[in-house]
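Below is one structure, written out as structure tokens; the observations come after it.
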Amino acid sequence: MAIEVVMPKLGATMEEGTIVSWLVPVGGVVEEGDPLAEIQTDKIVMEIEAETTGVLLKVVSEAGETVKVHDVIAYMGDEGESVEGLKSVPTITSEMPEVDGNQTATKEMVEAISIANGDKIRRTPAARKLAEEHHLNLREITGTGSLGRIHKADVEQYLQQHTTRITPLAKKIADDQRIDYNQINGTGSHGKIRKEDLVSTPTVNKKVTDVANKRVPFKGMRKVIADRISESAYSAPHVTLISEIDMTNCVALRQDLLPVIEKVEGLRVSFNEILLKATAFTLKQNPSINISLDDKEIIYHSTINIGMAVAVPDGLVVPVLRDVDTKGLATLTSEAKSIGKKAREGKLSPDDMQGSTFTVSNLGMYAVDGFTPIINSPNAAILGVGRIQKKAVVVNDELAIRSMMSLSLSFDHRIIDGAPAAAFLTDLKDVLENPFKLMI
329 MAIEVVMPKL
339 GATMEEGTIV
349 SWLVPVGGVV
359 EEGDPLAEIQ
369 TDKIVMEIEA
379 ETTGVLLKVV
389 SEAGETVKVH
399 DVIAYMGDEG
409 ESVEGLKSVP
419 TITSEMPEVD
429 GNQTATKEMV
439 EAISIANGDK
449 IRRTPAARKL
459 AEEHHLNLRE
469 ITGTGSLGRI
479 HKADVEQYLQ
489 QHTTRITPLA
499 KKIADDQRID
509 YNQINGTGSH
519 GKIRKEDLVS
529 TPTVNKKVTD
539 VANKRVPFKG
549 MRKVIADRIS
559 ESAYSAPHVT
569 LISEIDMTNC
579 VALRQDLLPV
589 IEKVEGLRVS
599 FNEILLKATA
609 FTLKQNPSIN
619 ISLDDKEIIY
629 HSTINIGMAV
639 AVPDGLVVPV
649 LRDVDTKGLA
659 TLTSEAKSIG
669 KKAREGKLSP
679 DDMQGSTFTV
689 SNLGMYAVDG
699 FTPIINSPNA
709 AILGVGRIQK
719 KAVVVNDELA
729 IRSMMSLSLS
739 FDHRIIDGAP
749 AAAFLTDLKD
759 VLENPFKLMI
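Residue numbers (the numbering used here): 329 to 768.
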């Protein structure tokens, strides 16, 4: 008997979801736990898994359709099982990869994912996972399986043939801007690609031209982000305070902590984690900033959960780090890098996105001196972080070279006055310029 596949409820507030793509064609065989479809909520895109082993008999809702929670979107069952009397099938089969008449092939699970130009790629789950881990474009890999399906071994062979040396910062920038760095000649040690190589390469300029000629429907995550930013900008009167911070002592602190934390966690602490720790420390001293506004009440939070803005392909997400004030820098480094990786790989759960009490948006890895961020509602304030750069400044009436950074605090003036906001920013400046206070 055919089993209904329904639109899952992926969050407490979710009422409907949009089917991004079916990962299995009608007639394809799946095992329990295999990826079945990609679903977009108002916050994230998630894969749903098959709850049973069988054949995907019918697809009721095609890619692009928005469906209410618990409504039927497909049917699964045994091969050859009658689908008479089930809800009619829309045009989804015309968008899925063709399955040839070979009986063996029809029994295979033929997986497909949508890519930007609308083509389909067949690949096994293991191949897709490995490709995602290494940020590979599957279109560049030749599959040796049936119907050109890409296996894990194909990805491994591709990796052996395309080993590219690149600095962590350059790789992050390339990933964020979706730059194919395999085509770039590095100018660093032994040909390692540096961030300067990304800026100067003609490949980047070509991508800008390509993007300028592309038209993309204004929907999905982009539309949700636009609606929320507009709502925040137009409903909450923003005031932004800016302060310049002397980060020289923080630079020295990070240099001392690098080998220590790397030994404990196997990870390199970044300025972002030091900023998150300092922000949580300062919020604890200034509880009037760690607040939210609903329709009728101002909520003073007893916990300090910081939303960390992360750029992802086609959008921006804000996963949440919880109880940041209670955690050491080693733990915070591990958690921040882990949830940032999940965000970039599109693997955040609804719980990862909920419960922030304050947000930090860090653009310090770019050539950005400062900016005025828009509040991530219902938070009442957001911190914008610019880059650290050496400047000539006056210290004790003498000219000195110091590592300077700009911070901007945007706050909702309906519930936060200028003086407490200024006090918070002053305290944060004091902690960052004297980071030993984090140990008290």
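Glycine is no exception: its CB is placed at the ideal position from the N, C-alpha and C atoms.
Given the structure is predicted, the values throughout are model-derived calculations rather than measurements.
Out of Gly-692, Ile-589, Asn-690, Asp-740, point me to the one whose CA is closest to Glu-709's CA. Checking the sequence, you will find Ala at residue 709 rather than Glu. Closest by alpha carbon: Asp-740.
Proximity to Leu-756 [Cα-Cα], best of Gly-339, Asn-614, Leu-338, Ala-459: Asn-614
Distance, Cα to Cα, Asp-672 vs Ile-401? This sequence places Arg at residue 672; Asp is not what is there. Spanning the two alpha carbons is a distance of roughly 28 Å.
So is Ala-749 buried or exposed if we call it buried at 16+ other beta carbons inside 10 Å? buried
Status (buried if at least 16 other CB within 10 Å, exposed otherwise) for Glu-366: buried
Residue burial classification, Gln-583 (beta-carbon count within 10 angstroms, cutoff 16): exposed
What does Pro-363 pair with, by DSSP beta-bridge criteria? Glu-377
Answer with buried or exposed for Ser-558, where buried requires no fewer than 16 other C-beta atoms within 10 angstroms of its C-beta. exposed
Considering only the alpha carbon of each residue, which of Gln-682, Ile-716, Ser-705 lies closest to Gly-698? Ile-716
Going by other Cβ atoms of all chains shown within 10 Å of its Cβ, with 16 needed for buried, is Val-438 buried or exposed? At Val-438, the pLDDT of 32 sits below 50, so the modelled position is not reliable and the matter cannot be decided from this model.
Closest by CA to Asp-482, which one among Phe-609, Arg-456, Ala-498? Arg-456
C-beta atoms of Ile-494 and Ile-521 nearer than 8 Å: yes
Checking the sheet assignment: what are the DSSP bridge partners for Thr-346? Gln-368, Thr-394
For His-566, which residues does DSSP report across the bridge? Asp-740
Would you kindly check if the distance between the Cβ of Leu-338 and the Cβ of Pro-678 is under 8 Å? yes
Roughly how many whole angstroms lie between the Cα atoms of Arg-556 and Val-646? 12 Å
For Arg-715, does the three-state DSSP call read helix, strand or coil? strand
Between which residues of its own chain and Leu-727 is the CB-CB distance below 7 Å, once the five residues before and five after are set aside? Ala-720
What's the call for Gly-382, buried or exposed, on a 16-neighbour Cβ count within 10 Å? buried
Label Ala-606 either buried or exposed according to how many other C-beta atoms from any shown protein chain fall within 10 Å of its C-beta, with 16 as the threshold for buried. buried
What number of angstroms, rounded off, separates the C-alpha of Ser-731 from the C-alpha of Met-681? 33 Å
Between the CA atoms of Phe-546 and Ile-553 - distance to the nearest angstrom: 11 Å
Can you give the Cα-Cα distance for Pro-352 and Leu-384, rounded to whole angstroms? The question names Pro, but residue 352 is Val in the sequence shown. Each residue's Cα considered, the two are about 8 Å apart.
For Ile-443, which three-state DSSP category applies? The pLDDT assigned to Ile-443 is 35, lower than 50, so where the model puts this residue is not dependable, and the model offers no usable value.
At which residues does the beta strand (DSSP E) containing Ser-687 begin and terminate? Ser is not the amino acid found at residue 687; the sequence shown has Thr there. Taken as a continuous stretch (DSSP letters only), the beta strand (DSSP E) holding Thr-687 covers 686-690.
Simplified DSSP assignment, three categories, for Leu-487: helix
Assumed close pair Arg-650, Gly-683 - CB separation to whole angstroms, cut-off 8 Å: 7 Å
If you draw a straight line from the alpha carbon of His-398 to that of Thr-369, how long is it in whole angstroms? 14 Å
Beta-ladder partner(s) of Ile-494, from DSSP: Ile-521
Going by beta carbon distance, what residues of the same chain come within less than 6 Å of Met-335, once the five residues before and after it are set aside? Gly-345, Val-395, Val-397, Asp-399, Ile-401
Can you tell me whether DSSP reads Gly-405 as helix, strand or coil? strand
Name the two residues that bound the continuous beta strand (DSSP E) containing Gly-635. 634-636
Rounded C-alpha distance that separates Glu-761 from Lys-480: 49 Å
Separation of Ala-378 from Asp-406, as counted between CA atoms: 14 Å
Determine the burial state of Ala-459: buried for a count of at least 16 other Cβ atoms within 10 Å of its Cβ, exposed for fewer. buried
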